[in-house]
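Going down the list, the sequences are from chains A and B. Under our numbering, the letters of the first sequence match residues 211 to 487, in that order. Under our numbering, the letters of the second sequence match residues 211 to 487, in that order. Yeah, the Cβ is synthetic: ideal placement off N, Cα and C, and Gly gets one too.
Protein chains: 2
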Amino acid sequence: VGSLSVRGLNGIPEVRAGDDLAALILAALDGASPTAGQVLAIAHTAVSKAEGAVVALAEVTPGQRARELAADAPAGAPNRDPRAVQVVLDQSAEVLRAERGVLICRTRQGFVCANAGVDLSNAAAPDTAILLPRDPDASARRIRARLRELSSRRAVGDGPVAPARSRPGREGAVAPAVMITDSFGRAWRHGQSDVAIGLAGMQPLDDWRGRTDASGLELRATWIAVADAAAAAADLARSKDSREPAVMIDGLERFVTAEDGPGAAALVRPLEEDLFR
Amino acid sequence: VGSLSVRGLNGIPEVRAGDDLAALILAALDGASPTAGQVLAIAHTAVSKAEGAVVALAEVTPGQRARELAADAPAGAPNRDPRAVQVVLDQSAEVLRAERGVLICRTRQGFVCANAGVDLSNAAAPDTAILLPRDPDASARRIRARLRELSSRRAVGDGPVAPARSRPGREGAVAPAVMITDSFGRAWRHGQSDVAIGLAGMQPLDDWRGRTDASGLELRATWIAVADAAAAAADLARSKDSREPAVMIDGLERFVTAEDGPGAAALVRPLEEDLFR
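Next comes the structure, spelled out in structure tokens:
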């Protein structure tokens, strides 16, 4: 507690469908194994590309509603393309606001964000839409398990003569927490900041509500979205003009858990508590 | 670019009205002068206490509306006290939502947040409400100027024999960017994360909208609230159970400016662009 170190990982190549993202990240760590207390933040676009959650606009036929919404968007906006709007609608469980070409949607995963998280920039190719991973918590768990598996193998390979069988198995091997991030806007404020949309091995919220100090005073009436804060911190260490999907964070050991835990789903406010529907 | 280091400053005493916060922070730096590329994040409660932006609930007479709203709050909630609700109403330009004892307000400064930013925990004394600083950007500029002044004096005192007159003046002396933070909730998500409510010497937003790479592809369709992200990062380095109002951030030199700049006011979405009014 008291200090944080956040470092973007260089040298991860453009990710393609079917790539082993965990292996690419370990290679970028350049021989240094991740430790159990670290948090690895990965931009969702890299995960989506690896999972093939990408749509070619040429294969999309926009419906009537998509054409109408696209006509409302200002010239030059990505949502001016009715095919892009159709992809957004296909990813949405509900459209909360549609004004001036801005679509605020509740995604199939339950997140409320602009354009249902569909990314038309940063694509590997033009006229391509990158979707959110279908189940980002499952993606985070999968990447964490794969990091554990590969680190375990590496440890066996690098280690002394003890047979692999006597080593800690996949469960025992070290793996950092894994977080998948996206840039969300914030109501009533300008600009976007990153949040956690997928999470494995990290406590998403730190609950200080009602805790009191020795004199009985409430310490802090807050319930802190530590995973969202870590996602925002990670984004500050990422070069925007290079391709740096992965960021390693040290100093959050107190929030890292051996179990994968409740995931980023725990950060989503249930519909019935929503004040701004 | 590529790495970030965030460090909570130990040893700042409980702040009282009239305290010289810049001097307390320099003392906590333990002789190490801040450098021009650093960002110093300060929890608003410390700034408000130093400025005397504190109200004793014993001196508040709640009106009819405050009594009605307090009656709607659940037992045990801070807003169950009609005097606390009256303080919140006094700090609000507009109450956007009032449900189940939760008041979402637009403050006199223009921020939209729960309870108009009034803090009933973390107080120096019970039955005390800490308000937001009256003009947090002005507070940030004042603290930055004072840090510059004190660092300049310190440099003169420690330096060799050159007369003070030939040294850089207050304007030339080194000062970090100064950010004042508060914990805000986020619509549709659980938990709070810190945002910048006051800012001097740092670019609040990083605009990548429409920038293209060599192949003409848009790099990233984002407009990044870097000051909010830095505020969130700072909060992760702060021990919640100790009193650590100040956090120093290295690695954001690219956003630090000699001029004080537009401040955190630039992060507030104007009323007419508000989709969730």
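- Burial check for A:D329: the Cβ neighbour count within 10 Å reaches 16 or more, so the residue is buried.
- Closer than 7 Å at the C-beta level to chain B, one finds these residues of the segment 431-449 of chain A: A431, T432, W433, I434, A435, V436, D438, A439, A440, A442, A443, D445, L446, A447, S449.
- The Cβ atoms of B:R351 and B:D445 do not sit closer than 8 Å to each other.
- Secondary structure note for B:S258: its alpha helix (DSSP H) is the uninterrupted segment 254-261.
- Inclusion of A:N289 and A:L313 in the CB contact set at 8 Å is warranted, their separation being smaller than that value.
- Distance from the CA of B:A238 to the CA of B:R356, rounded to the nearest whole angstrom, comes to 15 Å.
- In this structure, the straight-line span from the alpha carbon of A:A233 to that of A:I252 is close to 13 Å.
- Comparing alpha carbon positions, the residue from A:L214, A:R358, A:D347, A:Q274 closest to A:A406 is A:D347.
- Among the residues of the segment 255-280 of chain A, none has a Cβ less than 7 Å away from any Cβ of chain B.
- B:S349 and A:V388 have their C-alpha atoms spaced approximately 38 Å apart.
- A:L250 sits in a strand when the DSSP states are folded into three classes.
- Counting only Cβ-Cβ distances below 7 Å, B:A475 has no contacts in chain A at all, with the closest Cβ about 10 Å away.
- By the neighbour-count criterion, in which a residue is buried when 16 or more other Cβ atoms sit within 10 angstroms of its Cβ, B:D392 is buried.
- Residue environment for B:T432: buried (at least 16 other C-beta atoms within 10 angstroms of its C-beta).
- For A:R354 and B:G273, the gap between their C-alpha atoms comes out near 55 Å.
- Residue-level contact by beta carbon fails for B:L231 and chain A, as no gap is shorter than 8 Å.
- Scanning chain A for C-beta atoms nearer than 9 Å to the C-beta of B:L462 yields L446, reported in chain order.
- Contacts with chain B (Cβ-Cβ distance below 9 Å) from the segment 390-408 of chain A involve S393, F394, G395, R396, A397, W398, R399, H400, G401, Q402, S403, D404, V405, listed in chain order.
- At the C-beta level, A:A476 and A:L415 come within 8 Å of one another.
- Counting every other CB atom within 10 Å of its CB across the protein chains shown gives A:N220 a total below 16, marking it as exposed.
- Between the segment 297-304 of chain A and the segment 319-326 of chain A there are three or more C-beta pairs closer than 8 Å, enough to call the two in contact.
- Chain B places a beta carbon closer than 8 Å to that of A:L214, counting this residue as a contact.
- Taking CB atoms only, A:V466 has no neighbour in chain B less than 8 Å away.
- Contacts between B:V295 and chain A, judged by CB atoms closer than 8 Å, are missing: the closest CB pair is about 15 Å apart.
- Across the structure, B:S361 and B:A443 are spaced so that their CA atoms are roughly 26 Å apart.
- A:R448 has its alpha-carbon roughly 23 Å from the corresponding atom of A:A263.
- In the structure shown, B:D438 falls within a helical segment according to DSSP collapsed to helix, strand and coil.
- For A:D404, the enclosing beta strand (DSSP E) starts and ends at 399-410.
- Taking 8 Å as the threshold, the shortest C-beta distance from A:L415 to chain B falls below it.
- At a beta-carbon threshold of 7 Å, none of the residues of chain B lie near A:V225; the nearest stands roughly 15 Å away.
- When DSSP states are grouped into helix, strand and coil, B:L306 belongs to the strand group.
- Taking a 10 Å sphere around the C-beta of A:R419, we find fewer than 16 other C-beta atoms and assign the residue as exposed.
- For A:R318, no Cβ of chain B is located within less than 8 Å of the residue's own Cβ.
- Beta-bridge partners assigned by DSSP to B:G218: B:V457.
- With respect to chain A, the C-beta atom of B:G218 has a partner C-beta closer than 8 Å.
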